[in-house]
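Beneath this line is the structure, given in structure tokens, with notes to follow.
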Amino acid sequence: MSAGTEPIFTTNLSDLEVAAHDVLSAGARRHLRAWAGGAAAERANARALHAWRIVPRMFIDRSERDLTTTVLGVEMPAPVLLGPVGRQALAHPDGEVATARAASGLGLTYVHSERASRSLEEVAAAAPDGPRWFGLDWPDERDVDPVLLTRAQAAGCTHLLLSPPQPGQGWAALRDIRGTWDGPIVLGGLQHVSDARRAVRHGLDGIVVSNERGRRRPGVGGTIDALPRIADAVGGKLAVLFGAGARTGTDVFRSLALGADAVLVGRPYVHGLALAGEDGVRHMLRTLLAELEITLSIAGVGHHRDLDASALVHA
0 MSAGTEPIFT
10 TNLSDLEVAA
20 HDVLSAGARR
30 HLRAWAGGAA
40 AERANARALH
50 AWRIVPRMFI
60 DRSERDLTTT
70 VLGVEMPAPV
80 LLGPVGRQAL
90 AHPDGEVATA
100 RAASGLGLTY
110 VHSERASRSL
120 EEVAAAAPDG
130 PRWFGLDWPD
140 ERDVDPVLLT
150 RAQAAGCTHL
160 LLSPPQPGQG
170 WAALRDIRGT
180 WDGPIVLGGL
190 QHVSDARRAV
200 RHGLDGIVVS
210 NERGRRRPGV
220 GGTIDALPRI
230 ADAVGGKLAV
240 LFGAGARTGT
250 DVFRSLALGA
260 DAVLVGRPYV
270 HGLALAGEDG
280 VRHMLRTLLA
290 ELEITLSIAG
300 VGHHRDLDAS
310 ALVHA
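Residue 33 in numbering that gives the first Met the number 0 is what sits at position 34 of the sequence shown, and the numbering runs on without skipping anything.
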């Protein structure tokens, strides 16, 4: 606004899904909703996030703000990662290539899905300098693919983000993965303190608090409410990330205040991709980071590391 430049689409990220609706096919919309855990999980996450209200502060000079952080050895300009979303070509022909380029331009970490439309090698060629992780579905112990993991590392992926196992699957696959993967391993889909403690015992380097498997069970709850308990139980023993429904900078603020070291966003950047390709992803991410910085200022916080639950009240 101050530069007199009109944004390419809305800067209200709460309206982004509505803006993208007309350019996304019905199949793409179904895919994105399923990826987020289904409609019930989506609604539950939004309600739970909005129930945590931000407390503004006055008479505190926060003219200088710092979003930088380090997560599992990765220096980041902000505590935000682009979570793994498969089949992004449903939103735009450039798919993951455009997303990786936009993330790389901002220095943000991009997580490449095993189910991506574009290959690991295409993404690496398009964004050679961007920090990259690899998102892998938890394999059956007989189906661990060492060639795929080797390809991911050759393409510059430094960390492995595992989706949660299906019911009945054991930990045997993790042993085989460790035999191939030379780097930190993060487990996603955790919603219970006991599961987080098991992750610590099994030597995981990080966890993602999310309801990634929310569509597989009835009565799903808002995952943000589980974050403080899990962070209190295992924070400091491994990295605690949040990845369930954060759409805006204020959602990222809430997640950080409740104990997350960083936040993964998913559907919002794909909506930006649908609207304007690489430029759309970049615009969405810049908007989110600006909103986070403004919210820190309103809350009287200079660095997100200083955040805690006292910055919020629960409605």
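The beta-carbon is built from N, C-alpha and C at its ideal position, and this holds for glycine as well.
Residue i - DSSP class collapsed to helix/strand/coil
{"i": "M283", "result": "helix"}
{"i": "D307", "result": "coil"}
{"i": "R150", "result": "helix"}
{"i": "F252", "result": "helix"}
{"i": "G242", "result": "coil"}
{"i": "T157", "result": "strand"}
{"i": "V185", "result": "strand"}
{"i": "H111", "result": "strand"}
{"i": "R215", "result": "With a pLDDT of 49 at R215, under the threshold of 50, the modelled position of that residue is not reliable, and no figure is offered here."}
{"i": "V192", "result": "helix"}
{"i": "I206", "result": "strand"}
{"i": "L291", "result": "helix"}
{"i": "G234", "result": "strand"}
{"i": "V143", "result": "coil"}
{"i": "I176", "result": "helix"}
{"i": "R86", "result": "coil"}
{"i": "L23", "result": "coil"}
{"i": "I229", "result": "helix"}
{"i": "V53", "result": "Sequence inspection shows Ile at residue 53; the Val mentioned does not correspond to that position. Of the three classes helix, strand and coil, the one that applies to I53 here is strand, per DSSP."}
{"i": "H30", "result": "helix"}
Presumed contact (8 Å Cβ cut-off) between residue i and residue j, rounded CB distance
{"i": "A225", "j": "A259", "result": "No, A225 and A259 are not in contact; Cβ-Cβ is about 11 Å, not under 8 Å."}
{"i": "L295", "j": "R253", "result": "At roughly 12 Å, the Cβ-Cβ gap does not stay under 8 Å, so L295 and R253 are not in contact."}
{"i": "L80", "j": "L255", "result": "The Cβ separation is near 13 Å, so there is no contact."}
{"i": "V143", "j": "I176", "result": "6 Å"}
{"i": "A27", "j": "G220", "result": "The Cβ separation is near 27 Å, so there is no contact."}
{"i": "P227", "j": "A308", "result": "6 Å"}
{"i": "V280", "j": "R61", "result": "Contact flag wrong, Cβ pair sits at about 28 Å."}
{"i": "G82", "j": "G265", "result": "4 Å"}
{"i": "A25", "j": "G276", "result": "The pair is not a contact, with the Cβ atoms about 21 Å apart (cut-off 8 Å)."}
Best match in the options for proximity to residue i [C-alpha to C-alpha]
{"i": "Q190", "options": "A256, L148, L105, A40", "result": "A40"}
{"i": "Q87", "options": "H20, Q165, H111", "result": "H111"}
{"i": "D128", "options": "D194, A101, E140, D136", "result": "A101"}
{"i": "D157", "options": "A172, L173, W132, T149", "result": "The sequence given here has Thr at residue 157, not Asp. Checked all of A172, L173, W132, T149; the closest Cα to T157 is W132."}
{"i": "T108", "options": "G94, P130, V208", "result": "P130"}
{"i": "A245", "options": "R200, A125, L287", "result": "L287"}
{"i": "Q165", "options": "N210, W180, W137", "result": "W137"}
{"i": "V192", "options": "T179, S209, E16", "result": "S209"}
{"i": "A19", "options": "D204, A289, G299, Y268", "result": "Y268"}
{"i": "L135", "options": "T247, E5, L160", "result": "L160"}
{"i": "L257", "options": "G169, V84, R150, G234", "result": "G234"}
{"i": "G202", "options": "R304, A232, E277, L173", "result": "L173"}
{"i": "E292", "options": "G248, R304, E16", "result": "G248"}
Opposing strand residues paired with residue i [DSSP bridges]
{"i": "D65", "result": "H302"}
{"i": "F58", "result": "BP columns for F58 are empty, so no partner."}
{"i": "S118", "result": "Its beta-bridge partners do not exist; DSSP assigns none."}
{"i": "A261", "result": "L240"}
{"i": "F133", "result": "H111, L159"}
{"i": "E74", "result": "T69"}
{"i": "I223", "result": "Answer by DSSP bridge pairing: none, since I223 is not bridged."}
{"i": "H270", "result": "Looking at the DSSP assignment, H270 forms no beta bridge with any residue, so it has no partner."}
{"i": "V199", "result": "Note: V199 sits in no beta bridge, so no partner."}
Below-7 Å beta-carbon distance, residue i vs any chain E residue
{"i": "H313", "result": "Checking the listed chains, one finds no chain E in this structure; it contains a single protein chain."}
### Task
Specify whether the stretch 41-52 and the stretch 114-123 touch according to this definition: at least 3 beta carbon pairs, one from each stretch, less than 8 Å apart.
Look at the beta carbons and you see the stretch 41-52 not touching the stretch 114-123: under three pairs across the two are nearer than 8 Å.
### Message
Three or more C-beta pairs under 8 Å: does that hold for the stretch 2-10 against the stretch 174-187?
### Response
Short answer: they don't touch.
### Task
Mind the definition here: the stretch 239-252 touches the stretch 55-64 only if three or more C-beta pairs lie below 8 Å; say whether that holds.
They do not touch, by the three-pair rule.
### Query
Do three or more CB pairs link the stretch 268-283 to the stretch 68-79 at distances below 8 Å?
No, they do not touch.
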